[in-house]
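Taken in order, the sequence shown gives residues 2 to 159; the numbers are from this note's numbering.
These notes concern the structure reproduced below.
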Amino acid sequence: MNNTYFNVPENQKENLAKGMAGGPTAEHDYERPKSEQNEVGYRIPNGALYSTPSNMVKFMKACMGYSNLLNENNITILQTTQTPTTRLRSNYSFGFDLYSDQGINTIGLAGSNAGYSAHFEYEKDSEYGVILMRNYIFGNTNLDLRSNSLLRKLSLVE
């Protein structure tokens with residue numbers, strides 16, 4: 002993963018999508034994303050990384066067991082609830098939200114920095130995954146629900 006950063010290097014900033022902050026009813030703010038990159042750096046827990054779709058695919062493949070990066074035991078640990086609860090979409094593993102409902106079992110996480118938001122989720126039984134990235138912190142599309150809906154439909158494909 003050679004295009005994933007906590008702080009985007011100067012020589013890569015020209016490749017960074019122009020981030021837009023502001024809410025659904027607020028004016029677009031192009032300066033806040035730039036100032037947070039320069040002054041605040043990364044945020045913990047959910048907005049730590051800047052990445053590319055191809056790097057996210059590499060990471061997802063590793064989490065799904067399609068590379069040598071993680072062994073089977075590591076993958077099992079990532080897919081095991083560490084904070085059990087009966088509330089829907091509230092189970093948490095090491096870095097991932099776990100969701101199990103009506104025959105679908107997904108692992109994923111959403112994150113955002115000022116001007117950017119993303120959602121990463123895969124269905125461990127059907128072997129499908131979805132990565133949604135946008136250069137806007139808010140939007141009409143609920144990334145979590147949309148990716149889960151798509152995975153639910155893909156899991157029915159034979």
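Just so you know, even glycine gets a beta-carbon here, dropped at the ideal spot from N, CA and C.
query: Apart from the five residues on each side of it in sequence, which residues of its chain come closer than 8 Å, Cβ to Cβ, to L144?; result: A111, S118, A119, H120, L133 and R135
query: For S108, count neighbouring C-beta atoms within 10 Å of its own C-beta (all shown protein chains included) and say buried if the count is 16 or more, exposed if not.; result: Ser is not the amino acid found at residue 108; the sequence shown has Ile there. Buried: at least 16 other Cβ atoms inside 10 Å.
query: Who are the Cβ neighbours of P46 in its own chain at under 6 Å, not counting the five residues just before and after it?; result: In this prediction, P46 has a pLDDT of 46, which is less than 50 and means its spatial position is unreliable; what the coordinates show is noted afterwards. Cβ neighbours of P46 beyond the five flanking positions: none.
query: Roughly how many whole angstroms lie between the Cα atoms of M21 and P54?; result: 18 Å
query: If you compare alpha carbons, which of K125, S52, I78 and T87 is closest to N3?; result: S52
query: Among K125, H29, S91 and I105, which has the Cα closest to the Cα of I76?; result: K125
query: If you check the beta carbons only, do N69 and T5 fall under 8 Å apart?; result: no
query: What are the uninterrupted segments assigned as alpha helix (DSSP H) that are 4 or more residues long and contained completely in the segment 78 to 102, given in chain order?; result: none
query: Could you check if N114 is buried or exposed, using at least 16 other CB atoms within 10 Å of its CB as the buried criterion?; result: buried
query: Along the beta strand (DSSP E) that carries A111, what are the first and last residues, could you check?; result: I105 to N114
query: Verify whether the separation of the beta carbon atoms of E122 and L146 is less than 8 Å.; result: no
query: Express the C-alpha separation of P85 and S94 in angstroms, rounding to a whole number.; result: 9 Å
query: What would DSSP say about E128, mapped onto helix, strand or coil?; result: coil
query: Residues in its own chain within less than 8 Å of M65 by CB, not counting five upstream and five downstream?; result: I76, Y123, K125, E128 and G130
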